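One structure is given here, and the rest of the page talks about it.
Residue numbers (the working numbering): 24 to 254.
Printed below as a string of structure tokens:
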């Protein structure tokens, strides 16, 4: 499977990174609402989930059409039959460009072997590591992805708030969080030692200073204890 030219629809964070990377290998254009597709034989929709079906319907049938949504299934690409989806399992910011795609994984869904081949070829051009994902399992997969990224941001924000309450520098949390990932998320801390007295003292002080964070601490402690038991 080879593509001769591509058009990326959507000049946002994902679209600009995709277009810049694809341009390294084949003629690529980046378009917005005007949908100036040229003669591209691959059209990649990097648009908000809510408009994938609307934009797909406006693309003339013929080229391969893909979307990059983690939550939308392939029927969002109707009426196209040469279609697949590729979701980059990476958080992407505008200022870092295509280098942030390097080595990230990507979930590829397709209804036929040819579609999966097309998706894997796009992943190769983007320097992503593809894996096949059944379309019906997409929402379960995407929920896990959101937990890993967005919830991590929320967790960092909560921990930073407690550090600020204590007069400690929030930036000191970053090496701790990075090393936890580098250590393959090996569990340490009071829950792993069965130190429930310390955990109760934590709850007391959180209740005093930031009661809004108590439900989060309780829920995550229970999950951590379950993970310890499952080891």
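Ideal Cβ positions, reconstructed from N, Cα and C, are used throughout, including at glycine. Values in this document were obtained by computation on a predicted structure and should not be read as measured data.
- Residue pairing by DSSP places residue 66 opposite 30 and 88 in a beta bridge.
- Under the DSSP assignment, residue 132 falls in the beta strand (DSSP E) whose first and last residues are 128–132.
- The C-beta distance from residue 164 to residue 156 rounds to 6 Å, short enough to fall under 8 Å.
- With fewer than 16 other Cβ atoms inside 10 Å of its own Cβ, residue 219 counts as exposed.
- Taking the Cα of residue 61 as reference, the smallest distance to any Cα among 25, 110 and 50 is reached at 50.
- Less than 7 Å separates the beta-carbon of residue 110 from that of residue 91.
- In its chain, beyond the 5 residues on either side, 40 and 43 have a beta carbon closer than 7 Å to the beta carbon of residue 120.
- Rounded to the nearest whole angstrom, the C-alpha separation of residue 33 and residue 80 is 15 Å.
- The three-state secondary structure of residue 94, taken from DSSP, is coil.
- When secondary structure is reduced to three states using DSSP, residue 155 falls in the strand class.
- DSSP, reduced to helix, strand and coil, places residue 103 outside both helices and strands of the structure shown, so it counts as coil.
- The beta carbons of residue 188 and residue 225 sit about 13 Å from each other, so the pair does not count as a contact at 8 Å.
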